[in-house]
Every structure is written in C-alpha cells, then in structure tokens.
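Q: Residue numbers (the numbering used here): 243 to 554. I have a structure here, written as structure tokens, and I will follow up with some questions on it.
Here you go:
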C-alpha cells in the first residue's frame, strides 16, 4: 500500500529532526516537502541532499508547487504565532495538521493517552515537550485514583537545546503544559515550570512530576506508572524513570496545604524522569525536542493508517 505524503513547515531543529526520523524510520509516511523561510538553513540543505523538495518561501511557495496537492498530513514546527496562518491555509486546502507549536488551536494529543479520541480532528496539538514527557505520568496516577486535585511538573532542559522558537514561546509553554495536565492528564489543577539549564556539558532532559491523589494506594500508582513508562518507550526508547516513585501520605491530622486551593488528605507522589534523545539529528541530550518529534510522528503514522489507508 502506498505511503501517505507529508509536508513539514519549519526547517529549524525540530523540523529537521522530524524529517530525518520520517525518512529513516517511518513505514507509512513519505516526506514530500520541507518548508522554511531561510534559503541558507541547514534543514533545507539536508532536504535537498535527500531528494526532498525544499521551499524557502514559506507555505505560500509550497502551495504553488504541484506536490502540495498530494500532501495529506502537514506538520507545523514553527511558532505559535505563525501557526494561526498555517491552520487557516491547511483548513482551506483540506490538510491534516499535526501542530508541534504551543498554539493549541486543535485539541491536545498525547499518543499514549488520547490519540484514538482525536483521529477525526483536522488539527491536533502536541502540547509541549514537557507535556509529552509528563502528562502520561499524571494520567497514570489519575486512572487509578478517585481524584487528582493537583499536579505540578518541572521540566529541566539543556539551554543549548532551546532554540529561538522555544525561547520565544516560554510563556505559551507554561500555559499550554498546565492546561494539558488538566485536560489530558486529568488533574483538577495543574502547574508547569521550565528550567533552561546552562550546564556544560549539556544535561539530558529531566522532568519531575508531583501529584496529589485521593483514593489510590502507592502500589497501584507505582504499577500504573511503570506500565505507562513502557508504553511511551514504544516510540521514545530513551524515556525512563530515574528512580522508584516516591510517596508521602497525608492524613486528617497532617493535611497537605496547597496555596490557593486549601488543605487535603491523600498521597503525594513524586516521579523522576529522564528523556534521552535518539540522536537522529539532534544531540542525545536534546530529549525535549526528540520526544516532541517522536510523539508527532507516532500520531501521524496512526492517522495515516486509520484515516488515509497507509499500511502500518
């Protein structure tokens, strides 16, 4: 069965890594075009070397190319601001959008949690790198608990792995990730913090996840977390726990106080994660970018299989 033709908008780090992943690993996606706005960008040069059509005039030039007509799935690896224009154009042209920016025009999609629920959507949003890493853990706790009043995550990434697009979208990162913890992870209230660590040599992405759950025992939470880690590793092999999940129980005589929310009885879980990249294009320490491109690729491959009839 024929592969599904795709285009990537954005020839920076994320777009280029996604291109290499698709070319080297995908069984049902074909990269037809890489679209950028800098003729001299390394990504566009690498596309030309690999026989991929490159456009330096943005989506406007891409639409003028005959190959655009055959494109079914478009990945947007630009910025939240640019995505609004790309969304309008792709809607008008009948393209499926997989959004790697924090724009969040379409519903949040975390493959191991809710991909199946969004297969009919014309635009799905991949949340953020911190969201892709931590939302599965929040959901893993929520699915075995009666309630999850609060979830907080701290994503620490190497400063060198944060390019201009990431830095321009820091506010959107925290807002989008926080909403994702609630809408997808199932927390009643979520908070996200990002740290750009300037350490040399650069550190691998680290994430700390705190949850307050009611109605779940530590054994059930630990088992659910382990199961979810294995599920994420199917498309991000470098995703792993740094140590066993830590627990602290709060009872009626020793409640935990969450500022602005009140006091609670329940179990505080602390989950320590590390995300190492696959090194397809980006350095291995850039797990924050790798998990985004890996999640986007996994999402598009499933859509190609179920929506466009491409073999898995």
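We treat Cβ as the ideally placed atom computed from N, Cα and C, and that holds for glycine. All figures in this text were calculated on a predicted structure; none of them were measured in a lab.
Go ahead and label residue 530 buried or exposed: buried means 16 or more other beta carbons lie within 10 angstroms of its beta carbon, across all protein chains shown.
A: Against the chain shown, residue 530 aligns to sequence position 288. Under this definition residue 530 is a buried residue.
Q: For residue 275, which three-state DSSP category applies?
A: Within the chain shown, numbered from 1, the residue matching residue 275 stands at position 33. Strand.
Q: Skipping 5 residues on each side, what residues in its chain have a beta carbon closer than 7 angstroms to that of residue 256?
A: By one-based count along the chain shown, residue 256 stands at place 14. Contacts found: 319, 342, 531, 534, 535.
Q: Taking the alpha helix (DSSP H) that residue 263 falls in, what are its first and last residues?
A: As a working note, residue 263 is residue 21 in the chain shown. Counting along the chain, the alpha helix (DSSP H) containing residue 263 begins and ends at 255-267.
Q: DSSP three-state call for residue 372: helix, strand or coil?
A: Against the chain shown, residue 372 aligns to sequence position 130. Helix at residue 372.
Q: Between the Cα of residue 496 and the Cα atoms of 508, 486, 487, which residue gives the shortest distance?
A: Taking the first residue of the chain shown as 1, we reach residue 496 at position 254. Checking every option, the nearest Cα to that of residue 496 belongs to 508.
Q: Taking its Cβ as the centre, do 16 or more other Cβ atoms sit within 10 Å of residue 437, making it buried, or is it exposed?
A: Within the chain shown, numbered from 1, the residue matching residue 437 stands at position 195. Exposed.
Q: For a quick check, are the C-beta atoms of residue 513 and residue 451 less than 8 angstroms apart?
A: Walking along the chain shown from the start, residue 513 turns up at place 271. Walking along the chain shown from the start, residue 451 turns up at place 209. It is a contact, given that the beta carbons lie within the stated cut-off.
Q: Quick check on residue 344: buried or exposed, where buried means 16 or more other Cβ atoms within 10 Å of its Cβ?
A: To locate residue 344, count along the chain shown from 1; it is residue 102. By the neighbour-count rule (16 or more Cβ atoms within 10 Å), residue 344 is buried.
Q: DSSP state of residue 281, grouped into three classes?
A: The residue labelled residue 281 in the question sits at position 39 within the chain shown. Coil.
Q: Quick check on residue 535: does DSSP put it in helix, strand or coil?
A: Here the question's residue 535 lines up with position 293 in the chain shown. Reduced to three states, the DSSP call for residue 535 is helix.
Q: Just to confirm the assignment, what range does the alpha helix (DSSP H) spanning residue 461 have?
A: The residue labelled residue 461 in the question sits at position 219 within the chain shown. From DSSP, the alpha helix (DSSP H) with residue 461 extends over 460-474.
Q: Where do the ends of the beta strand (DSSP E) carrying residue 338 lie?
A: Residue mapping note: residue 338 aligns to position 96 of the chain shown, counting from 1. First-last of the beta strand (DSSP E) with residue 338: 338-341.
Q: Please give the ranges of any beta strand (DSSP E) in the stretch 382-453, keeping only runs that are unbroken, at least 3 residues long and fully inside the region.
A: Runs of the beta strand (DSSP E) inside the stretch 382-453: 389-400, 432-439.
Q: Residue 313 to residue 270, Cα distance in whole Å?
A: Sequence index remark: in the chain shown, residue 313 carries index 71 (1-based). Sequence index remark: in the chain shown, residue 270 carries index 28 (1-based). If I take the Cα positions, the gap works out to 13 angstroms.
Q: On the CB-based measure, 16 or more other CB atoms within 10 Å of its CB, does residue 275 come out buried or exposed?
A: Reading the chain shown from its first residue, position 33 is the one you call residue 275. Per the 10 Å Cβ criterion, buried.
Q: From the DSSP output, in three-state form, read off residue 541 for me.
A: Here residue 541 is taken as the residue at index 299 of the chain shown, counted from 1. Correct three-state label for residue 541: helix.
Q: Would you kindly report the start and end of the unbroken beta strand (DSSP E) that includes residue 365?
A: Taking the chain shown and counting its residues from 1, the one referred to as residue 365 is at position 123. Taken as a continuous stretch (DSSP letters only), the beta strand (DSSP E) holding residue 365 covers 365-367.
Q: Give the DSSP-derived three-state secondary structure of residue 318 in the structure shown.
A: Position 76 of the chain shown, counted from the start, is the residue given in the question as residue 318. Of the three classes helix, strand and coil, the one that applies to residue 318 here is strand, per DSSP.
Q: Taking 8 angstroms as the cut-off, does the stretch 455-467 touch the stretch 396-408 (at least 3 CB pairs, one atom from each stretch)?
A: They do not touch, by the three-pair rule.
Q: For residue 379 and residue 483, what's the separation of their Cα atoms in angstroms?
A: Within the chain shown, numbered from 1, the residue matching residue 379 stands at position 137. Within the chain shown, numbered from 1, the residue matching residue 483 stands at position 241. The straight-line gap from Cα to Cα measures roughly 10 angstroms.
Q: Can you tell me whether residue 483 is helix, strand or coil according to DSSP?
A: For the purposes of this step, residue 483 is taken as residue 241 along the chain shown, with counting starting at 1. Reduced to three states, the DSSP call for residue 483 is strand.
Q: Does DSSP put residue 517 in a helix, in a strand, or in coil?
A: Here residue 517 refers to the residue found at position 275 of the chain shown. In this structure, residue 517 counts as strand in the three-state DSSP scheme.
Q: Using the beta-carbon count (16 or more within 10 Å), is residue 335 buried or exposed?
A: Position 93 of the chain shown, counted from the start, is the residue given in the question as residue 335. Result: exposed.
Q: Can you tell which of 361, 367, 374, 324 has its C-alpha closest to the C-alpha of residue 477?
A: On the chain shown, position 235 is the one that residue 477 refers to. The option with the nearest alpha carbon to residue 477 is 374.
Q: Taking only the alpha-carbon atoms, compute the straight-line gap between residue 339 and residue 546 and give it to the nearest angstrom.
A: Within the chain shown, numbered from 1, the residue matching residue 339 stands at position 97. Within the chain shown, numbered from 1, the residue matching residue 546 stands at position 304. Distance between the alpha carbons of residue 339 and residue 546 is about 12 angstroms.
Q: On a CA-only basis, which of 386, 403, 468 is nearest residue 428? Give me that one, please.
A: Taking the chain shown and counting its residues from 1, the one referred to as residue 428 is at position 186. The shortest C-alpha separation from residue 428 is found at 386.
Q: Could you please give the first and the last residue of the uninterrupted beta strand (DSSP E) stretch that includes residue 301?
A: For the purposes of this step, residue 301 is taken as residue 59 along the chain shown, with counting starting at 1. No beta strand (DSSP E) contains residue 301, which is instead part of the alpha helix (DSSP H) from 300-306.
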